[in-house]
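Residue numbers (my numbering): 6 to 193. One structure is given below, encoded as structure tokens.
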Ligand SMILES: [Zn+2]
């Protein structure tokens, strides 16, 4: 985010606080617009990361075509409908073809895709598409489990409810026993 955009954002946050009936001159709110602008810039920095390029450059030759699973990687994101957090875990499973990808890069992909305004459904597809394009695996499955503050704090006020989304490609679509085996491993 440019300095100019950050200044504009601070002004808008000051106006928003004013619209909410807050006294923007009270001491504890003085730095709030600056802090919120800084936090929003940080929480949306995934937009600046050339993650497809990073994924493509992190491939290694596959030693076998056996399953690779990275389970329960934590993420947090901002729901693009309410600008409220949603957070949870991502499971990635793939059957390599010619390549594998660095496990650290999988974490970077999760961060880059989640550190922006998102919907859980789109986050799931985005991670899947980036990995599918870079890796060209025989099969790929992503499962995301998340809690949404926009469901917990407002509207339905359903505390503790978990949203699960899944995306599959290749052998995970066609081979139900593979899908079942991995689903079992993810639940352990
Ligand atoms: Zn929401």
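Quick reminder that beta carbons are idealized off the backbone N, C-alpha and C, glycines included. This one's a predicted model, so the numbers in the text were calculated from it and none came from an experiment.
Check	Outcome
Between the CA atoms of residue 167 and residue 153 - distance to the nearest angstrom	8 angstroms
8 angstroms Cβ cutoff met for residue 98 and residue 125	no
Three-state secondary structure (DSSP) of residue 75	strand
Residue 31 versus residue 56: straight-line alpha-carbon distance, rounded	42 angstroms
Selection from 163, 83, 36, 16 that minimises the alpha carbon distance to residue 120	83
Inter-stretch contact (C-beta, 8 angstroms, three-pair minimum) for the stretch 94 to 110 and the stretch 138 to 146	yes
Buried versus exposed, by CB contacts within 10 Å (16 or more), residue 63	buried
Pick from 91, 7, 59 that is closest to residue 201, judged by C-alpha positions	There is no way to answer for residue 201, as the model of the chain reaches only from 6 to 193.
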